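Working notes, beginning with the structure itself.
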Amino acid sequence: MGREEIIESYQGYIACLNRQGWQVLHLFVADQVQYNGVSIGLDGYANMLVADFRAIPDLHFNIAGLVCDPPMIACRLAFDCTPVGYLFGMAVNGKRVCFDENVFYEFQDRKIQNVWSVIDKTRIAAQI
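Have a look at this one:
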């Protein structure tokens, strides 16, 4: 895949997440996807995302920065949301928080095969 194809596919993936279109997630994510070096498969990845939306009902993925060097794409995702209960082990309990996630994706065979993610938990902790 070329640069523009990866960017277009990634934007489709983000749109899929924002509309919670789990029935078409397989169009963007490989069956044997790995997350932070662990093979969790498509079902595990989908379950993780569903749990994120349960913990953060107003979750919305906002692309704040994007760099693409095929087959890799890197993104800074910005979040402004109101998690319920606990988030990343912290009692947020409905308080509005803003934070970023820095994430790298590797595409293989037109789908996301590897994901490496770092969430700014320190920023969340400072807000609660």
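Each position in the sequence shown, counted from 1, maps to that position plus 700 in this note's numbering.
Glycine is no exception: its CB is placed at the ideal position from the N, C-alpha and C atoms.
Computed from a prediction, not measured in an experiment: that's the story for all the values here.
Report yes if the C-beta distance between Asp-780 and Asp-800 is below 8 Å; otherwise report no. no
Since Asp-800 sits in a beta bridge, which residues does DSSP pair it with? Ala-778
Express the C-alpha separation of Ile-812 and Ala-774 in angstroms, rounding to a whole number. 12 Å
Under 6 Å Cβ to Cβ from Ile-756, same chain only, skipping five residues before and after it: list those, please. Cys-781, Pro-783
Here's the rule: buried if 16 or more other CB atoms are within 10 angstroms of the residue's CB, otherwise exposed. What is Tyr-745? buried
Could you tell me the distance, in whole angstroms, from the CA atom of Asp-809 to the CA atom of Val-733? 12 Å
Local conformation of Asn-747 per DSSP, three classes: helix
In whole angstroms, give me the CA-to-CA distance for Glu-708 and Met-701. 11 Å
With distances taken between CB atoms, is the gap from Tyr-735 to Tyr-805 smaller than 8 Å? no
On the DSSP bridge assignment, give the partners of Trp-816 in chain order. Phe-804
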